Every structure is written in C-alpha cells, then in structure tokens.
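Here the structure comes first, spelled out in structure tokens, and everything after it is commentary.
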C-alpha cells in the first residue's frame, strides 16, 4: 500500500511540474507576444511620423528649388534683373557703365530682402573665372561650384544637391541652382543662386529615430 501511495504522490508531482512548466511557458509566450505587439505599434508610429516628416522635407525642398528657379529667371536675359544686366554689359560710356553697375548691384541685393532664405546669388564669368558684380556676398564664388553633384539637369537649369555654401559661411548647408546664359553681346555667364533650407524638420526626424 505504501509503495502505491508513493507511486501516486510521485505521479502527482510530475503532473504538477508539467502543468506548472506549461503555465510558465504560456505566460512567457503571452509576455513575448505582448512585447512584440507593443514594439510593432511603436515602430508603426515611428514610421508614420517619419513619413510625415519626409513629406514635409520634400515639400519645403521643392519650394526652395522653385524659389531659386524664379530668381534665376529674373536674372536671365528676358528677366527684369537680366535686362539691367544687359544694359550694363552693353554700356560703352564709363559713367553710364558705372551707373548701370550700381543699379544692377542694388537690384541683386534687393532679391535677398524679398527671399530671406536666399543665402547668395551671383553672375559668374566661366571664361574669365570671376564674378561679374562682386563684393555683395559674404564670399567670392569659387569656380569649383561647377563640380557640385547634380540632382536634375533640364530646361537650362542645373539643380544641385545639398552642399556647403559657396557664397555664405562655408559650413552652412545649402541647395543651389545654376544656369548658363548668353547675353546680347555674346557674353556667356553662369547664374548661381543658393538657399539655406529649413533644417528644423530634419532635426526633429533625427530625434524620432
């Protein structure tokens, strides 16, 4: 009888151990599934916020490029500022040339007041390797601006990737547009404009990662 009782007790212990182990495994499985679910929800939330930020960055970047193309259009031969450039280039009299240069410089400076994100603009003579009108940007344009990585080339515009400023403080990140134009006297010039994009959205995106 004692052996039978001992056998029953041993069997009960084994069954209890198995049930306890199964229960613990079930609890652990629930914990793992719950943790994975929470992580998936968090990741979906992060992905959604990242998508919103990226869309906002794209919209703002597109707006910056459109603004620069508008500025470049004004500086082209058919634009308002381009007509002033045309008069300056075609002036033969020294005094008239001085007045036209002064007027052109003032018009270029005004563009910065209209668009506060505009960091710099200039006409650059690639043949003579110098600016047409100098001393109104923080720095003189370096000829290596022509080697900046290109995003899109079309409709006479070269849309350039983000890079360090060539006309402002060097470490400032900017986006830029360049267009090569020819004026009435066959003068070939590059129009170069750069804008400092709003980086606050990118900073917020980095915090979300």
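Numbering (the numbering used here), first residue to last: 73 to 281. Ideal placement from N, C-alpha and C gives every residue a C-beta, glycine not left out. These numbers were taken from a predicted model, which means no experiment stands behind them.
{"Query": "Residue 238, DSSP secondary structure in three states", "Result": "coil"}
{"Query": "Rounded straight-line distance, which links the Cα of residue 210 to that of residue 188", "Result": "15 Å"}
{"Query": "Residues that residue 265 bridges to, as DSSP identifies them", "Result": "193 and 249"}
{"Query": "Same chain, Cβ closer than 8 Å to residue 269, five either side skipped, listed in chain order", "Result": "132, 133, 136, 189, 234, 245, 246 and 247"}
{"Query": "Buried versus exposed call for residue 158 [16 or more other C-beta atoms within 10 Å across all chains shown]", "Result": "buried"}
{"Query": "Inter-residue Cα distance where the pair is residue 201 and residue 263", "Result": "13 Å"}
{"Query": "Inter-residue Cα distance where the pair is residue 241 and residue 192", "Result": "10 Å"}
{"Query": "Residue 261 versus residue 130 - alpha carbon distance", "Result": "30 Å"}
{"Query": "Close-in-space but distant-in-sequence residues of the same chain around residue 181 (CB under 8 Å, 5 per side omitted)", "Result": "208"}
{"Query": "Delimiting residues of the beta strand (DSSP E) encompassing residue 154", "Result": "It is not in any beta strand (DSSP E) - residue 154 instead sits in the alpha helix (DSSP H) that spans 152–162."}
{"Query": "Residues near residue 149 in its chain [Cβ-Cβ closer than 8 Å; skip 5 each side]", "Result": "155, 157, 158, 253, 254, 255 and 256"}
{"Query": "Rounded straight-line distance, which links the Cα of residue 266 to that of residue 237", "Result": "8 Å"}
{"Query": "Residue 144 and residue 225 closer than 8 Å at C-beta", "Result": "no"}
{"Query": "Sequence-distant residues of its chain with Cβ nearer than 7 Å to residue 213 (five each side left out)", "Result": "194, 196, 203, 238, 239 and 264"}
{"Query": "Distance CB(residue 147)-CB(residue 141) smaller than 8 Å", "Result": "no"}
{"Query": "For residue 226, the first and last residue of its enclosing beta strand (DSSP E)", "Result": "222–226"}
{"Query": "Span of the alpha helix (DSSP H), counted from its first residue to its last, around residue 177", "Result": "166–186"}
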